[in-house]
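Trainee:
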Amino acid sequence: MPIFYSMKSQQPKRCLNAIYLMWHVFVPLSAGVFIYLFCRPGHSWFETWIGWAPAAPLFNLPDFIKGSLPDFLWCYAFLSFQSFCWRGWKEVPLFFKAFLYTSILSTELMQYTGFIRGTADILDLMAYVLAFIIHYKNQ
Amino acid sequence: MKKIQWLLSSVGILAFSFLFWASSSPKKTVYTPAPVSKIDLTPGVTADAKELTRITDDKLREQYPQISPDGKKMLYTIYDPAKSDANSRNSLALKTLGTAGVSPLLSEGCANASWFPDGKGFLFSYTKPGKAVIAKSKIDQMGINYVSANANGTNDSYPFFFSAQNKVLFYTNIGGTNHVATIENNGLNFTILTEGYLPFPHPKKNLFVFTKSVGDVAQLFLYDLSTSQQTQLTSGEFNSTSGNISPDGRWIVYQKFKKNTNESHIFVMNIEGGEVKQLTTGSTWNWCPAFGPDGYIYFSSNAGNTPDKRFDNYDIWRVKPNMGQ
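Keeping their order, the protein sequence lines are chains A and B. Oh and the first sequence: position 107 is 107 in the numbering used here, straight run, nothing missing. To get the numbering used here, take the position in the second sequence, counting from 1, and add 1000.
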């Protein structure tokens, strides 16, 4: 579990916080955005806002990686950010943990019913569950 | 401190929800088929084209026109869906441009013909044997000669004479995937070049244009065999396919359409993929374009039909693009 507070010195705490945020939040988030922008066909709001889209995917990744890896990375980054906010996953209230897990998984159900845009995919569900497990193990 | 934690946590939820929403696509136009009575199949061209003319006018599906090197004759495929044997539905016809008549050439199972450079013979796909093979014949002779006695894949189709390599360029299906390939004129040395379909060779250079799926959208690519480099020429959510290079090698004409719609139009661009111009317009389906040596682009279209017959009758039309310099 990351050490957020130390009685001895503030300096190591700040470094550890920054290192944790970088490796467990920023890097997975950025990697997911990179894969979404440069390795997937199609057009999302990202491309609409920046007014640019790659002519062709930069890398030819297998479909299941292109589709599900960004979801895994974002889910992991999101849970890591919640860990950071609460100074550790064990400190997150139990009902809030349940709410987070449920709401993440329910996005797929809402896509399946058409309530929100997107394609419901069993691989995405598996990606989320894998992110839950790996995040929990890392804590 | 608790309040700050809740606040940070909520901000995180909002931020990631926004990220999730931003990764979705802009609202797609839900395609609602227009009532038949409201579909207007009047042929139309844009300001970048002129002299739209109907070349054939039969109550059949006429497609894949190819003009002879001297510009006087047109080979095309006639598709008859009424035939019970699916392998026999295509036949080849020859029309002398500027005259009224049509000469049936080869019936039952012959499709997608293209000319040899001498203008006397032609290549085509022969589907009657069950698995399509590449065959050839001559205008003034009857009979079918096999280029390759056996099928190279499950659907040897769309053959063209590739001058730079002195071979036949075509595509076939192997293992469920379409591949562009070449064979010698005697049918030997089957060589797979790339995944893709509907290839068309450059008249002089060692390169060809072809179609390949990028995700679930068909796009046009240029493959330079001298450098082994593939260049994607088109992009976006519209399918671009059936590329055909002009006799001077400077332009490509192709078909562009959006999935699940009833409109397809003819576009032209330069060989590098720039200067894109739309030639046809309206609610019609225009496809399989081909350059003629006379500067016209010939294509198949359902323009001019009654709305209830819009899928039953396709005729060959031609249009002259305003190419500029």
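Note that the Cβ used here is the ideal one computed from N, Cα and C, for glycine as well.
(1) Assign Leu1198 of chain B to one of two classes, buried (16 or more other C-beta atoms within 10 Å of its C-beta) or exposed (fewer than that).
(2) DSSP on Ile1297 of chain B, reduced to helix/strand/coil?
(3) Would a C-beta distance cut-off of 8 Å place Gln1230 of chain B and Phe1238 of chain B closer than the cut-off?
(4) State the CB to CB distance for the pair Pro1069 of chain B and Trp1115 of chain B, rounded to an integer number of angstroms; the pair is presumed to be in contact (CB under 8 Å).
(5) If we count the other Cβ atoms within 10 Å of its Cβ and call it buried at 16 or more, is Asp1315 of chain B buried or exposed?
(6) So which residues of chain B does Phe95 of chain A contact, with C-beta pairs closer than 9 Å?
(7) Taking the straight line between their C-alpha atoms, what separation do you get for Val1102 of chain B and Gly1071 of chain B?
(8) Give the secondary structure of Glu1108 of chain B by DSSP, where H, G and I count as helix, E and B as strand, and everything else as coil.
(9) Can you pull out the residues from the stretch 76 to 106 of chain A whose beta carbon lies closer than 7 Å to at least one beta carbon of chain B?
(10) Would you tell me roughly how many angstroms separate the C-alpha atoms of Ala53 of chain A and Leu1019 of chain B, rounded to the nearest one?
(11) Under a three-way DSSP split, which group does Glu108 of chain A fall into?
(12) Taking three-plus beta-carbon pairs below 8 Å as touching, is the stretch 1181 to 1192 of chain B in contact with the stretch 1140 to 1157 of chain B?
(13) Nearest chain A C-beta to Gln1005 of chain B closer than 8 Å, yes or no?
(14) On the DSSP bridge list, what partners appear for Glu1184 of chain B?
(15) Thinking C-alpha only, which one of B:Thr1211, B:Thr1241 and B:Ser1017 is nearest Phe78 of chain A?
(16) Leaving out the 5 sequence neighbours to the left and right, which residues in its chain are closer than 6 Å to Leu1106 of chain B when beta-carbon positions are compared?
(17) Is it true that the CB of Lys1050 of chain B sits closer than 8 Å to the CB of Lys1256 of chain B?
(18) Does at least one heavy atom of the ligand SAM sit under 7 Å from the Cβ of Leu1225 of chain B?
(19) Judging by CA-CA distance, which residue of B:Gly1119, B:Phe1124, B:Ser1010 and B:Arg1310 is the nearest neighbour of Ala1111 of chain B?
(20) Against chain A, does Leu1097 of chain B count as a neighbour if the rule is that its beta carbon must be under 8 Å from one of theirs?
(21) Starting from the C-beta of Glu1184 of chain B, find all residues in its chain whose C-beta is less than 7 Å away, skip the five residues before and the five after it, and write them out in chain order.
(22) With 16 as the cutoff for other CB atoms within 10 Å, does Ala1113 of chain B come out buried or exposed?
(23) Going along chain B in order, which residues have a C-beta closer than 8 Å to the C-beta of Trp74 of chain A?
(24) What's the gap between the Cα of Ser1157 of chain B and the Cα of Thr1261 of chain B?
(25) Among B:Asp1216, B:Ala1218, B:Ile1013 and B:Gly1243, whose alpha-carbon lies nearest the alpha-carbon of Leu1207 of chain B?
(26) Rounded C-beta distance between Phe132 of chain A and Tyr101 of chain A? I'm assuming under 8 Å.
(27) Is the CB of Leu1008 of chain B under 8 Å away from at least one CB in chain A?
(28) Report the rounded CA-to-CA distance for Lys90 of chain A versus Gln1219 of chain B, giving the unit in angstroms.
(29) Could you compute how far the alpha carbon of Ile1013 of chain B sits from the alpha carbon of Gly1196 of chain B?
(30) For Gly1012 of chain B, go through chain A and note every residue whose CB falls closer than 8 Å to its CB, in chain order.
(31) Figure out for me which residue from B:Tyr1223, B:Gln1141 and B:His1202 has the closest Cα to the Cα of Pro1117 of chain B.
(32) Taking buried to mean at least 16 other C-beta atoms within 10 Å of its own C-beta, is Val1011 of chain B buried or exposed?
(33) Going by C-alpha distance, which of B:Pro1289, B:Ile1067 and B:Gln1278 is nearest Gly1044 of chain B?
(34) Are the beta-carbon atoms belonging to Ser1009 of chain B and Gln139 of chain A less than 8 Å from one another?
(35) Hey, out of B:Gly1119, B:Asp1085, B:Thr1042 and B:Ser1084, whose CA is closest to Leu1094 of chain B's CA?
(36) Rounded to the nearest angstrom, what separates Val1214 of chain B and Val1180 of chain B at their Cα positions?
Mentor: Considering the structure as presented:
(1) buried
(2) strand
(3) no
(4) 6 Å
(5) buried
(6) Simply none; closest approach about 13 Å.
(7) 16 Å
(8) coil
(9) Phe78, Phe81, Gln82, Cys85 and Trp86
(10) Low confidence applies here, because Ala53 of chain A scores a pLDDT of 49, under 50, leaving its location unreliable and the question unanswered by this model.
(11) helix
(12) yes
(13) yes
(14) B:Lys1167
(15) B:Ser1017
(16) Leu1092
(17) no
(18) Absent from the structure shown: the ligand SAM. Ligands present: none.
(19) B:Phe1124
(20) no
(21) Lys1167
(22) buried
(23) Phe1016, Leu1019 and Phe1020
(24) 26 Å
(25) B:Gly1243
(26) 6 Å
(27) yes
(28) 51 Å
(29) 44 Å
(30) Phe78, Phe81, Gln82 and Cys85
(31) B:His1202
(32) exposed
(33) B:Gln1278
(34) no
(35) B:Gly1119
(36) 16 Å
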